[in-house]
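Novice:
Below, the structure written as structure tokens:
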């Protein structure tokens, strides 16, 4: 190699050695006849030094021309540093340079290549290859690499085989929008990019692969909300001859393994909660359990006392923000504004403070007697200095709003520390959800999810009440993975397509190969998929997945660095036998 | 799990244990009151037994209804087998069944699920999920999994980081045809699927990632010749601050590691040969070196003796098929027909046998004296019983034809054993090749390949003579990988685009981001990519890559199992603002 060592490895024990380093100029200082250059590569930073009247004049002259980000090669002797730098691993030594070579000069970068940069999002996206030089971004991708390696190591150890499934597949109307690819060899026909390898992994079970996994790119042509990407990566898994319990244990094991090997954290066994309980206690199927503040339902306590808002409400429900009675009027007004925001959706906020003497002071004192308010406080098991926050209205909407308020309070009270990890399995999801718009049931997970055997009777009488053998893994309020036991019986699968509004012909046209496969000996099977980008950002303690993706797209689905998508040549369109027809 | 053991793990030491197995019925025999069922899963086959008057009558009755490929669960006791079966690992034992459950019945498969099947290609492609049950196909994919795991393990150990590069990128006119993806959010614009992550891996070097790899899907919309797939997988690698020597050593190390860990074979150091020598000695840049039979050039020996075919030829060149003088007239006629096939392209074949007494008998005896023929034999260093095969004509065409003949002879003489592995590095490829059709130079490797520094002067005077720092790894005549040291200087890269016929504007529009990146401190770098499907099939001793791909497409680019590509809904076309316009 052009170097003898990296910029991260020299120590005191190397003093006296002649070494050659290569890398980028982080910065240089020229002071009192001494010139210092910080040389950076992926592995660290090492200080180079040259001295007027001592170093080779040619090297010194050249060194004085170095700008930030120049790529250089320097040879010299490792010496002990006079003033140590304990912030970097090589801080005990420096290189007394004898010869210097510029391998490539550099224009001044459009933003600082430092941990804290002055570049805005757009600029850093355009020059992503420079942003990737910054150590926090590089470390995020190194973390991702380690997570992928450890995932493969664990699953391989458990007998899983990684199988690559195709990227050019068939478009299906179910679920999100597909990206499609016109076929030149089959004019007028299109491939689709997979939203997940769902049907292929089930076919692999029919094939007897027994334990399959894949770390795989998936694609969804959805309007991009913040922090969604049109292409994303899943850890996709499927097993045969298993019960739900086997799957929970295997993948709880995977995530424990990742925390142990990547972060040095031993996780306790994951608590479990039904979907029904999660909705009742947290108003969310992915509760952040780093803090308590569980919902307390208050219909029994507060109704029929003359406060019309509560009396008319389907549900009155609140949380106890313990120790927050000191919140000022201004802070409480902010919270009221918060819950009234359209995306939260409450109509107002009722609060009650438990005073030092145990008495309760509330925003609805005129409707409730001190005794009523004591009952309210008791319902929350409230203590002096607690702050009770109460919402009322339609049950679903109010739970959803209180979930938002609970998370907001958790954030304000500093109870959502990124270095604390709280895990949860959410179980027994409903099989179906009713969609008002299309006036039919949709599959809550996907159309291949198995109803619970004990709920099978309800399929004809009350489909909305049927629970599925479906489960989500939740960490810190983030759904990191989810899956289900699948249907492996053709008749049940046909019934399911029927419930979802497919005609027999449509089901056969779209999923005939899977229905056929079920007739040739399909084993009982189930699986799970993890959002790998999200899991990495959780491990990295970041809110955004962007820095865990080397070349992300912006919110319009554009890669602004390479300027894609872009128009293509007419000859390409002609070969594909398609026309662009822009709407007026 | 539904089972206590797999069908591959029970041995004599398990005798007496109560076990539960699950799997597929391979076959059953009902004879003299005994019923035997071979139960199969990914891990092996175990024999179940039931006995009239001894086993539970219900289990026996059910067992008699079992057809091939039924999925069952059987519980019973492990007993020692009376007649051992040493062909299977569990052949010492069988399971005396107490209870039996049918988990899923199966229709009769359309072909035999056996190592040797009666199903034709088309049928097996349509029912690929059944074909994958056959043990040779399953083993091919297990091999692929181990190769991927070992590749990652080796490269991780060498300090490489796996980085995922995007699948939705920008279309470029250079090279093969792109698959394109219309963008709904950017109407009239298209993404392209990557033919390789070439520019992204170079940008990662500019970013300082130092050592990158990825096992990654790539896409080419080419007319599919036999054994080409529209989507294929590469082991893609790039390193900074390296010389060609570093790259050769690192990846020779990778392939040695794979042979050692996956096949238990220790490979010797790889020989090296220049492109010029490979063409001269084998007429191919990927010679099969499992056997010798190097070309012998004969212009000095055979010209000007009155044989017009040789006298007029640019090149007369032959091979010595040692020990093949016994080839019959019929065999030699077959060889003559072989070399005259259009895809081989010779006009005729001259042969000469060295007889037991050392005399030479040839098909051109009337033009050459016995002494001339002795000279010819000496040029080949021929011995009694050798067969000399000689072609003549234009140099390139004749070398190409003789390469085909050499391979044919190697096959006929049994010198191309699939379990013998002969490795080779081919070095010093030409930078450019002249394309008659477009009347301009094309990049032989790709436009980012660096000219050899010592040939840089020739770029302006004789571009066709410039050699590149480019290399291919060849095993058994298969190019398994190839790469180059890249250009890292903007001026050289611009000159290269210029030579390839790009205007400055075109180069900037297509590769501006890369040219820009080169101005911000690009390190010297280089890399390599391996065709992973091909490498796996080589390891598996197969000619075709199909069985090393779980769900391959046919020669029309169709997945006949899922029936893709297919037409899509008008609503999808409308959203994408494109029309299908089929040619009349």
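Protein chains in written order, with UniProt numbering: chain A, 1 to 584; chain B, 1 to 584. We treat Cβ as the ideally placed atom computed from N, Cα and C, and that holds for glycine.
1. CA-CA distance, residue 102/A and residue 161/B?
2. Check each candidate in 98/A, 469/A and 148/A and name the one with the smallest Cα separation from residue 63/A.
3. Given a cut-off of 8 Å, decide if residue 513/B and residue 493/B are closer than it, judged by their beta-carbon atoms.
4. Just by C-beta distance, which residues in the segment 275-307 of chain A are closer than 8 Å to chain B?
5. Could you give the residue range of the beta strand (DSSP E) that holds residue 104/B?
6. Compute the Euclidean distance between the alpha carbons of residue 48/A and residue 19/A, then round it to the nearest angstrom.
7. Which one of 366/A, 396/A and 383/A has the shortest CA to CA distance from residue 585/A?
8. Give a yes or no on whether the minimum CB-CB distance between residue 9/A and chain B is below 8 Å.
9. Scan the segment 143-155 of chain A for residues whose Cβ lies nearer than 7 Å to a Cβ of chain B and list them as they occur along the chain.
10. With a Cβ-Cβ cutoff of 8 Å, do residue 290/B and residue 416/B count as a contact?
11. Tell me the DSSP bridge mates of residue 479/A?
12. Would you say residue 191/A reaches chain B, if we count a Cβ-Cβ gap shorter than 8 Å as a contact?
13. For the segment 52-76 of chain B, list every residue whose C-beta sits within 7 Å of some C-beta in chain A, in sequence order.
14. Please tell me whether residue 88/B and residue 159/B are closer than 8 Å, where the distance is taken between their beta carbons.
15. Name the chain B residues whose beta carbon is nearer than 8 Å to that of residue 562/A?
16. Closer than 7 Å, Cβ to any Cβ of chain B: which residues of the segment 521-544 of chain A, in chain order?
17. Would residue 135/A and residue 523/A qualify as a contact pair, given that the criterion is a beta-carbon distance under 8 Å?
18. In the DSSP assignment, what residue or residues form a beta bridge with residue 190/A?
19. Can you check DSSP and say which residues form a bridge with residue 525/A?
20. Tell me the rounded alpha-carbon separation between residue 173/A and residue 219/A.
21. Less than 8 Å between the beta carbons of residue 201/A and residue 557/A, yes or no?
22. Taking 8 Å as the threshold (beta carbon to beta carbon), is residue 585/B in contact with chain A?
23. Compute the Euclidean distance between the alpha carbons of residue 21/B and residue 51/B, then round it to the nearest angstrom.
24. Hey, does residue 179/A have any beta-carbon neighbour from chain B nearer than 8 Å?
25. Would you verify that the beta carbon of residue 586/B is, or is not, closer than 8 Å to some beta carbon of chain A?
26. Between residue 102/B and chain A, is any beta-carbon pair separated by less than 8 Å?
27. Residue 334/A lies in the alpha helix (DSSP H); which residues open and close that run?
28. Consult DSSP for residue 5/B and reduce its assignment to one of helix, strand or coil.
29. Mind listing the chain B neighbours of residue 162/A? Cutoff is C-beta to C-beta under 8 Å, in chain order.
30. Please report whether the beta-carbon of residue 583/B lies at a distance below 8 Å from any beta-carbon of chain A.
31. So the candidates are 117/B, 227/B, 70/B and 189/B; which of them puts its Cα closest to the Cα of residue 553/B?
32. Closer than 8 Å, CB to CB, is residue 166/A near chain B or not?
33. What does the alpha-carbon distance come out to for the pair residue 221/A and residue 233/A?
34. Given a limit of 7 Å on CB to CB distance, which residues of the segment 106-129 of chain B reach chain A?
35. Would you give the residue range spanned by the beta strand (DSSP E) that residue 318/B belongs to?
36. Got a sec, what are the start and stop residues for the alpha helix (DSSP H) residue 308/A sits in?
Specialist: According to the structure shown:
1. Spanning the two alpha carbons is a distance of roughly 26 Å.
2. Considering only alpha carbons, the answer is 98/A.
3. With respect to residue 513/B, residue 493/B sits apart: the two C-beta atoms are not nearer than 8 Å.
4. Within the segment 275-307 of chain A, no residue places its CB atom closer than 8 Å to a CB of chain B.
5. That run of the beta strand (DSSP E) goes 93-104.
6. Taking the straight line from one Cα to the other gives about 11 Å.
7. This structure gives no information on residue 585/A, because the portion of chain A shown stretches from 1 to 584.
8. False, the Cβ-Cβ gap to chain B never drops below 8 Å.
9. Per Cβ criterion, the list reads 145, 148, 149 and 152.
10. Note that the C-beta distance between residue 290/B and residue 416/B is below 8 Å.
11. For residue 479/A, which the question treats as bridged, DSSP gives the partners 474/A.
12. Cβ-Cβ to chain B under 8 Å: yes for residue 191/A.
13. Within the segment 52-76 of chain B, the qualifying residues are 69, 70 and 71.
14. No; because the gap between Cβ atoms is not below 8 Å, this pair is not in contact.
15. Those within 8 Å of residue 562/A in chain B are 169, 170, 199 and 513.
16. Hits within the stretch, in order: 521, 522, 523 and 524.
17. In this structure, residue 523/A does not lie closer than 8 Å to residue 135/A by Cβ.
18. Note: residue 190/A sits in a beta bridge opposite 182/A and 566/B.
19. Per DSSP, 240/A.
20. Taking the straight line from one Cα to the other gives about 14 Å.
21. Between residue 201/A and residue 557/A, the gap from beta carbon to beta carbon reaches 8 Å or more.
22. The first residue shown for chain B is 1 and the last is 584, placing residue 585/B beyond what the model contains.
23. Answer to the nearest angstrom: the Cα atoms are 18 Å apart.
24. It does: the Cβ of residue 179/A has a partner Cβ on chain B nearer than 8 Å.
25. Nothing can be reported for residue 586/B, as the shown portion of chain B is limited to 1 through 584.
26. Interface criterion not met: the Cβ of residue 102/B is under 8 Å from no Cβ in chain A.
27. Judged by DSSP secondary structure, residue 334/A falls within the alpha helix (DSSP H) whose first and last residues are 329-340.
28. Residue state for residue 5/B is assigned as coil, using DSSP reduced to three classes.
29. Proximity of chain B to residue 162/A at the Cβ level (cut-off 8 Å) is accounted for by 145, 148 and 149, in chain order.
30. Judged by the 8 Å Cβ criterion, residue 583/B is in contact with chain A.
31. Distance from the Cα of residue 553/B is smallest, within the candidate group 117/B, 227/B, 70/B and 189/B, for 227/B.
32. Closer than 8 Å to some Cβ of chain B, the Cβ of residue 166/A qualifies, so yes.
33. Approximately 14 Å between the Cα atoms of the pair.
34. Those residues of the segment 106-129 of chain B that come within reach of chain A (Cβ to Cβ, closer than 7 Å) are 106, 107, 109 and 129.
35. First-last of the beta strand (DSSP E) with residue 318/B: 315-321.
36. That run of the alpha helix (DSSP H) goes 308-312.
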